[in-house]
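This report refers to the structure that appears directly beneath it.
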Amino acid sequence: MKVVVINLDQRPDRLELFDKNNPNLQYERFKAVDGSMISYQKLLQSGYDVNHNWIDPILHTKLTKGEVGCFLSHWHIWQKCIERNEPLIVLEDDAILTDRFNMEEVESLPFDFVYLAYQEMSDGIKMNDQLSVPVYPYWTLAYMIRPDGARKLINNEAKRNILPVDEYLPTMMKSLNVAGYTENVVVPVSRKVYGSNVVAHSRYDYFTDFDVHVCTVATDLQKAYKLRETTEKYSIPVINLGDGVIWEGGDMKSQGGGQKINLVKEFIKDKKDTDVLLFVDGYDTFFADPLDEIIHRYLEMNTEILFSSERICWPDEELGTLLQVLNTNQSTPYQYLNSGMYIGRIGRLKELFHEPIQNFEDDQLYVQKQYLKNPKGIKCDVEQYILMTHNSSTYLHKGALFNPITNCYGCLYHGNGGRNQKEKCERLYESIEAPFYIPTKDYMLLSKDILLIDFMSEDKCRELIQIAEDKQFKVLEGDVVPAQELRMKELNMWEELKAHWMETVYQIVYDYWYPCHMYGLRDAFIIKYEMNKQRELRLHSDASLVTGSIKLNDDYEGGILEFPRQEVSNKDVPIGKCILFPSQVSHPHTSTKLMSGTKYSLTIWSSRYKGDINC
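So in the numbering used here the end of the sequence shown lands on 634, straight run, no missing numbers.
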């Protein structure tokens, strides 16, 4: 019986590992179909089509290009099985044959199709100790197929309604004479063995029937630097409809902007109705996620057009009640359509924008009125799931923009409103683009042998607190100075901190305390002080050669870090600054009793000798 192994041309590493894991196995390599190289039109011309209504039952995602390529690879092998009129063992290139695999035994089994490896999603019907009749099997890692089985799988209905192949096969169980080993005789390679070949901005590479056009209006590109820089970061091509255009839409300090609608109408008039347009204002917006993530979420929303939404009804508050009726999600205050960002099918946008508007008229008022006339197929992003508008409490959490009111991470941000809103947009942009730690090269003296250096921005301090609050603070077992602590290693931030210490802090310590020899970091942890739990820390010295202490917040009373011997405290030290001091004997310190609020601080210990690690 012949064996075929499915392998992409661009993954010779997987075939090399396959050979290593399956020595002496004779097989024929089958060139896998690369779904990323197939256009939708090419697929149609070849007599195929995808099932546009299919949604992954677990991930809630649509069909990806990779899934289309995988289906076609197996489909072509089934065709080959029929052409050759002989059974085949089909293996994907991450398969490992176990000692229980027996080629002659597999060949002798009187079935159209035999699973050599699978996961049963339902209760299979046991035939004997060795075999079962699968009911809803997953995986196409390894199987045997005969020509009669291949003929049953090859049909025009499936060809024109492509599904993931491990979703298609379960639908054919009643037609196939099928069996599966009760214990898999082929197993997959651990996914950790392979380095990912998935580009970050191609996480959701859907096999869609539309192109996406990203547009803005920026007559002054210098003012659109946030948008320009973030789209470059995520390799998002943006069409500037304002390029070379004389602006006639007003100064945008009050009503105006109708020209944006007219420029969009002109752009989409000859575009396919099935295509998608993503429009963003030019000067006060930026991307926080790649385009594929945005499209993924847009498809999840199951709507033709999605507009951003805001907390006030502007410019005509009398429309507020009507807009609220349409946006029935009362769990969020974002009930009013905002026209600064939207994404939708071009055909529906043509319908929405069919009435004329003067360049000087207000674009948001125009869109709100059109929406109220015909809301079918239109939603507002009331949860800020994709299109985030201004909110003072929005902050950076785990490197992403987070709105605590709706508990959502958004993909784009619009600082709509006046000066305060624009400043908030600017701070968020600077924060999301900034490194976590500040690479300082200088220091100042608080006293002899107590140094003060730049370490983190205030925004990054707040972000670190939010990251920590997702975990559980606890007292370290055996700690002679017990405290509510959370280690940076538990937050997966230990390696980044070590790298920053060696790059920036090490040289300062070395220069000031020469000839002190540094052995790297011993430990790093966040300490939390609360009124109803730990409120203070007694006088003590650290098990550290040189300690760093960073104040992460200041919205509390009491809780002052004090050095009684040196008559120094951190009372007036700004958030994010790092106090460095030799800590084993000479600089005992304490945290005074907390009087109100909650205090967070980051403590960093350096190793006292080679191999001295505590974390």
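Glycine included, each C-beta is placed from N, C-alpha and C at the ideal position.
All of these numbers come straight from a predicted model, not from anything done at the bench.
- Here residue 235 is bridged, per DSSP, to 259.
- Inside the segment 468-515, DSSP marks whole beta strand (DSSP E) runs of 3 or more residues at positions 469-473 and 503-506, from first to last along the chain.
- Annotation: residue 466 to residue 588 spans about 10 angstroms, alpha carbon to alpha carbon.
- In this structure, the alpha-carbon of residue 602 lies about 46 angstroms from that of residue 434.
- In the three-state reduction of the DSSP assignment, residue 167 falls in the helix class.
- Taking a C-beta distance under 8 angstroms as the contact criterion, residue 338 and residue 332 qualify as a contact pair.
- For residue 597, no alpha helix (DSSP H) encloses it; the enclosing beta strand (DSSP E) starts and ends at 596-601.
- Per the coordinates, the alpha-carbon of residue 235 lies some 24 angstroms from the alpha-carbon of residue 413.
- Residue pairing from DSSP places residue 48 in a beta bridge opposite 24.
- Contact between residue 280 and residue 376 holds, since their C-beta atoms are separated by about 5 angstroms, short of 8 angstroms.
- The Cβ atoms of residue 613 and residue 575 lie closer than 8 angstroms to each other.
- Pairing residue 22 with residue 125, the inter-Cα distance amounts to about 12 angstroms.
- Counting every other CB atom within 10 Å of its CB across the protein chains shown gives residue 356 a total of 16 or more, marking it as buried.
- Three or more Cβ pairs drawn from the segment 560-567 and the segment 614-629 lie within less than 8 angstroms of each other, which places the two stretches in contact.
- Taking every protein chain shown into account, the CB of residue 183 has 16 or more other CB atoms within 10 angstroms, so this residue is buried.
- As a beta-bridge residue in DSSP terms, residue 540 pairs with 625.
- For residue 609, there is no enclosing alpha helix (DSSP H); the residue is part of the beta strand (DSSP E) that begins and ends at 608-610.
- Residue 522 is positioned such that its CB atom lies no closer than 8 angstroms to that of residue 610.
- Within the segment 101-150, complete beta strand (DSSP E) segments of at least 3 residues are found at 107-111, 114-116 and 132-139, given in chain order.
- A direct Cα-to-Cα measurement between residue 548 and residue 631 gives close to 27 angstroms.
- Rounded to whole angstroms, the Cβ separation of residue 361 and residue 178 is 36 angstroms, and the two are not in contact under 8 angstroms.
- Across the structure, residue 93 and residue 99 are spaced so that their CA atoms are roughly 10 angstroms apart.
- Around residue 302, the same chain offers 242 and 243 as residues with beta carbons nearer than 6 angstroms, after the five sequence neighbours per side are excluded.
- Closest option to residue 475, judged by alpha-carbon separation, among 464, 516 and 77: 516.
- Pairing residue 284 with residue 369, the inter-Cα distance amounts to about 7 angstroms.
- Per the C-alpha coordinates, the member of 204, 168 and 201 positioned closest to residue 194 is 168.
- For residue 228 and residue 75, the gap between their C-alpha atoms comes out near 18 angstroms.
- The shortest CA-to-CA distance from residue 438 to any of 344, 240 and 271 is the one to 271.
- Along the length of the segment 524-584, whole alpha helix (DSSP H) runs at least 4 residues long occupy 525-531, reported in chain order.
- The C-beta of residue 497 has fewer than 16 other C-beta atoms within 10 Å across all chains shown, which makes the residue exposed.
- Around the beta carbon of residue 571, a 10 Å sphere encloses 16 or more other beta carbons of the protein chains shown; the residue is thus reported as buried.
- In this structure the segment 418-432 touches the segment 394-410; the number of beta carbon pairs closer than 8 angstroms is three or more.
- Annotated three-state conformation of residue 67 is coil, per DSSP.
- The beta carbon of residue 327 lies closer than 7 angstroms to those of 357, 359, 360, 361, 400, 406, 408 and 433 in the same chain, with the five residues before and after it left out.
- In the DSSP assignment, no residue is bridged to residue 379.
- Remark: C-beta atoms of residue 83 and residue 185 do not approach each other more closely than 8 angstroms.
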